[in-house]
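Undergrad:
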Amino acid sequence: MQKRLSIILFLVVNFAYAQKKPLDHTVYDTWESIGSKQLSNNGTWAMYGVLQQEGDAKLFINNLKTNAKLGIPRGMNAQFSNDSKFAAFSIRPFNKDLRQAKIKKKKPEDMPKDSLGIANLTTNVITKIARVKSFKFPEEGSGVMAYLTEKPDTAKKVNKPAENKDAAIDFVADEPAGKGKTEEGTDLVIKNLGTGTDQTYKFVTDYAFSKDGKQLVFSCSGSKKDKTAPQGVYLWNTEKGTLKTLIKGKGSFKNFIFDEESEHLAFVGEQSPEKQEIKNYNVYYNSLSLDTAQIIVDYDMPGIPSKWTVNGDGKVTFSKDGKKLFFGIAPVKSPKDTSIVDFEVAKVDVWNYKDDYLQPMQLKNADRDSKKSYLSVIDVFSSDPKVIPLTDLTVPDANLMAEGNANAVLAYTDYGHRIESQWSGSTSKDYYLVDTKTGQRKKIITELNGYAMASPGGNYVLYFDRKSGNWYTYSILTSKTTALTERLNVKFVDEDNDVPDLPSAYGVATWTADDKAVILNDRYDLWSFSPDGKSEPKNITAGFGRANQITFRYEKVLPESRQERNTDNKFIKSNEVIWLNAFNNVTKENGFYRTNVGTVKAPEPVVMDKFKYSNLAKAKDAEIYIYDKASYVASPNVYVTTDFKTETKLTNTNPQQQNYNWGTAELVKWTTPKGFKAEGILYKPENFDPNKKYPMIAYFYEKLTDGLYNYQAPAPTPSRLNISFFVSNGYLVFAPDINYDNGHPGQSAVEYINSGVESLKKNSWVDGTKIGIQGQSWGGYQVAYLITQNNMYAAAWAGAPVVNMTSAYGGIRWETGMNRQFQYEKTQSRIGATLWEKPELYIENSPLFMFPKVNTPVVVMANDADGAVPWYQGIEMFTGLRRLGKPVWMLNYNGEAHNLVQRQNRKDIQIREQQFFDHYLKGAKAPVWMTSGIPATEKGKTWGFELTDNKP
């Protein structure tokens, strides 16, 4: 009876699996994912988005006490008000309307625009306002918000509203702005959330709240059609409803910033003649006691270097105590020489071996460099004010210390070391303390291969030296350097480093208050160090991480302020209980622990499971948490909890997944021929039957097993393997980890990938004659190399591969303008020597020279706008194999990047990839694009997807 029952259950289960259909290419667009999520400050409300790949998103606002839920179709970019009484969000146009507008090739200004939604969380009433480009809540104030509209839709008839009798001055909106120049502003609406009343101002270009929300500054451009429309900068008192004119007259004003106490305001602006090419910017200042804004810095201010001026693109910020004002200056730009006749002069890039940067890099960064701002400061309350330049052309960068309150800034430069980035990929830097009162520099670190940062309180500079692999502090007060990690027998650098360069650090977790301690990461645990070296280091997780191979990392659960000036200047209390993200390196499980930073003991486990947990966040004023979790089997969903002992699931994404043959993910282990322990992920179809034989595709890059519990949504990928799609369609997918032997990356791939495949072939359910390989970029290189070694693969797909390291070595990464030499000498390509020092290694690792051995059919993707791998590498592969009579195809997606960006191209490659592997691994018919190709004369008319009886 028991045996009969088991047989019946087996048949029922298999019948259920049989009813589930495989994924197809029509499922992508509506497949869901989780967008941003947040809690209101009081913890009563959760707000989160559910996105579709190519469809309309939906925003939800949940009352966690009553379970009431508001759903807002197409809601995005949501924020709660500080008092948790309101929420605001953008409402995107329908995806179908955007599509139609693109088909009609409408201009950007004529495209459908976002609307604004405002939810009253007391009444659950949602107010919608059409055509809104931005909105803002004050950071700490309440009862008020502001939003800036788009230009009116000129395609629709506009009715003139009733006259506003309570206008503060004559530019309160009395008529919608007509179609004007793009530089003209639009309507700014200031909404009293308590009364529901609005105040509207016309032709506004920029606006900002003070931190307490009591003041709102905005600039008005005026209108060329309405000469009476005032222009300038205005300050609205949100409590009194009064308006103050700070600047009256035509000009451009921007980068508004209030001080911490909301009592002082600064911004940059210019009132140069409209036709003047190079504008003369000033820094303006206002306080509660001043009726108008005053120019605090102009071009001839004492202290500004000769032929330098205020940079209109520079950031303006007050020190936290409000005593100093930081801003940017730059060399005066030269106006365009209008006497030059364009067709009579040469257009040439001159490459000079003494240049700091190669010409392609200079050209790539030309716009950014032309706007480069050099930090300067002025004492706001000085009786004899002058500008103190803190940076210049040779020391161009600096960071504030103690949020600007310190007497110095931390400046740094790679001047004199920049050429080396061509082959090293990075540069060594010198660091200086620059006095904010005198501008005097004090060099504190010389030629650091690493990085440095100021402590939150500004008492120390913490830095990591890659050459020694250690952390150090420099005391601002004593000028003493202290080695923090030298004496410990634990490494604070990457223990698994397998590139021919110095290992990187595991990083900084956080600081405790008053700079009493800095928390550093080793591979597994967290350590507390006294920055002055007077106290012994403490392993605050008590070695529990290393003993159990669990990696702990500090999890910052409180969201950053929207207007935070320097998010690095954060610290925790000396005895604070902090959250730790935990990852088990053996089982790949993920979760959270807690520990007190003032103790030395094993952290307290909170949750650890076979899921991927993401983005844990806490309500500011309540003990409630929001997060999402997923696994390969479970679609990502949003949860809330108070203690992780119980959790409330707020979403149910992708319920349609249960209708499809999904899959499972498991960790597999084997030993390589040289005796190395290896592991990988094996994905199996949900209806896996061990009595059947399955084709298998190996997909690889470097290390992938940490993603064992990652959800793999079916999606048209940038050209990675669409894992869940192939698994659903009856393939096994194998994702092995690879460890590399410097100088021999090709043979390292052979060592791990081939041995992993051979290990799996020992299972009767793997069809050893039907195995394919797929990789993109570095994975594409390894695909190209593997097919030169033997004939064990029935089909191969190589995306953006390098096949000739000798020609690729000197190429350019066009997306950055960098030379590719560093990649071979120091990083991923792992040769560890120049082409002239070890030419034999470049040849050994170049598949091109072994192409006569290839017998595996292969598709190459090489795009003509690839900014990482020169697309001629794909051409070398295609033409080489074609010359040798090997079966090879190449896809060049015109104008596309290294990884496909345009969705239509991503969809196209999914179809071709399935057709290719189905033919060689399942015996399916071959498509036209494989059997006879697509002539250039038919490009854009046919895509060759039709299946034929012909052979490739």
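Using my numbering, read the sequence shown as starting at 702 and increasing by one per residue. Using N, Cα and C, we set each Cβ at its ideal position, and we do this for glycine too.
From the DSSP secondary-structure annotation, give me the bridge partner or partners of residue 815.
TA: Answer is none; residue 815 lacks a bridge partner.
Undergrad: Determine the burial state of residue 1085: buried for a count of at least 16 other Cβ atoms within 10 Å of its Cβ, exposed for fewer.
TA: exposed
Undergrad: Would you check if there are 3 or more beta carbon pairs closer than 8 Å linking the region 1483 to 1500 to the region 1521 to 1540?
TA: no
Undergrad: Per DSSP, residue 1367 forms a beta bridge with which residues?
TA: 1383
Undergrad: Here's the rule I'm using: 16 or more other beta-carbon atoms within 10 Å means buried, otherwise exposed. How should residue 801 be labelled?
TA: Its Cβ having fewer than 16 others within 10 Å, residue 801 is exposed.
Undergrad: Tell me the DSSP bridge mates of residue 1090?
TA: 1077
Undergrad: Count the C-beta pairs between the region 1514 to 1525 and the region 1456 to 1470 that are closer than 8 Å, then say yes if the count reaches three, no if not.
TA: no
Undergrad: With a floor of 3 residues, list each beta strand (DSSP E) that falls wholly inside the region 1554 to 1636, ordered by position along the chain.
TA: 1559 to 1562, 1589 to 1592
Undergrad: Quick check: residue 1154 and residue 1517, are their CB atoms within less than 8 Å of each other?
TA: no
Undergrad: Go ahead and label residue 1633 buried or exposed: buried means 16 or more other beta carbons lie within 10 angstroms of its beta carbon, across all protein chains shown.
TA: So residue 1633 ends up on the exposed side.
Undergrad: Using a Cβ-Cβ cut-off of 6 Å (strictly less than) and excluding sequence neighbours within five positions of residue 1560, which residues of its own chain qualify?
TA: Non-local beta-carbon contacts of residue 1560 in its own chain, meaning distances under 6 Å to residues more than five positions away in sequence, involve 1498, 1590, 1617 in chain order.
Undergrad: Measuring straight from C-alpha to C-alpha, what distance separates residue 1585 and residue 1553?
TA: Between residue 1585 and residue 1553, the C-alpha separation is close to 7 Å.
Undergrad: Do you know how far the Cα of residue 1339 is from the Cα of residue 1350?
TA: 6 Å
Undergrad: List the DSSP bridge partners of residue 1519.
TA: 1514
Undergrad: Applying the criterion that 16 or more other CB atoms from any shown protein chain within 10 Å of the CB defines a buried residue, is residue 1437 buried or exposed?
TA: buried
Undergrad: Sorted by chain position, which residues of the same chain lie with C-beta nearer than 6 Å to residue 1360's C-beta, five sequence neighbours on each side aside?
TA: none
Undergrad: Assess contact between the region 1214 to 1222 and the region 1154 to 1164, defined as three or more Cβ pairs (one per stretch) separated by less than 8 Å. Is contact present?
TA: yes
Undergrad: What does the Cβ neighbour count give for residue 1025, buried or exposed, with the cut at 16 atoms within 10 Å?
TA: buried
Undergrad: Using a threshold of 8 Å, state whether the C-beta atoms of residue 815 and residue 830 are closer than that.
TA: no
Undergrad: Quick check: residue 1416 and residue 754, are their CB atoms within less than 8 Å of each other?
TA: yes
Undergrad: Under three-state DSSP, which class holds residue 1212?
TA: Looking at residue 1212 - three-state DSSP - the assignment turns out to be strand.
Undergrad: If we count Cβ pairs, one from each stretch, closer than 8 Å, do we get three or more for the region 990 to 999 versus the region 1038 to 1050?
TA: With a cut-off of 8 Å, the region 1038 to 1050 and the region 990 to 999 do not count as touching, because too few Cβ pairs lie within range.
Undergrad: Could you tell me the boundaries of the alpha helix (DSSP H) in which residue 1069 lies?
TA: 1067 to 1071
Undergrad: If you follow the beta strand (DSSP E) that residue 1303 is part of, which residue opens it and which one closes it?
TA: Run containing residue 1303: none; DSSP gives neither H nor E here.
Undergrad: Alpha carbon to alpha carbon, how far is residue 1643 from residue 1651?
TA: 18 Å
Undergrad: Report the start-end ranges of each beta strand (DSSP E) in the region 1460 to 1521 that is 3 residues or longer and not cut off at the edges.
TA: Taking only runs of at least 3 residues, the beta strand (DSSP E) segments lying wholly in the region 1460 to 1521 are 1467 to 1477, 1496 to 1500.
Undergrad: In chain order, which beta strand (DSSP E) runs of at least 3 residues are fully inside the region 718 to 770?
TA: 733 to 740, 746 to 753, 759 to 764
Undergrad: If contacts are defined as beta-carbon pairs under 8 Å, then residue 1542 and residue 1481 qualify, I think. What distance do you get, rounded to the angstrom?
TA: Residue 1542 to residue 1481, Cβ: 20 Å. No contact.
Undergrad: Quick check: the region 1017 to 1031 against the region 1079 to 1098, are there 3 or more CB pairs under 8 Å?
TA: yes
Undergrad: Can you tell me whether residue 1093 is buried or exposed? The criterion is at least 16 other CB atoms within 10 Å of its CB, across all chains shown.
TA: Around the Cβ of residue 1093, a 10 Å sphere holds 16 or more other Cβ atoms; the residue is buried.
Undergrad: Quick one: is residue 862 buried, meaning 16 or more other Cβ sit within 10 Å of its Cβ, or exposed?
TA: Its pLDDT being 42, under 50, residue 862 is placed unreliably by the model, and nothing is read from it.
Undergrad: Measuring alpha carbon to alpha carbon, tell me which of 951, 959, 1133 ends up nearest residue 973.
TA: 951
Undergrad: For the beta strand (DSSP E) that residue 1542 lies in, which residues bound it at each end?
TA: No beta strand (DSSP E) contains residue 1542, which is instead part of the alpha helix (DSSP H) from 1540 to 1545.
Undergrad: Do you know offhand how far residue 1234's Cα is from residue 1404's?
TA: Distance between the alpha carbons of residue 1234 and residue 1404: 37 Å.
Undergrad: On the DSSP bridge assignment, give the partners of residue 1116 in chain order.
TA: The partner list for residue 1116 (beta bridge, DSSP) is empty, contrary to what the question assumes.
Undergrad: Contact criterion: CB-CB distance below 8 Å. Does residue 1598 meet it with respect to chain D?
TA: Considering every chain present, this structure includes no chain D. It has just one protein chain.
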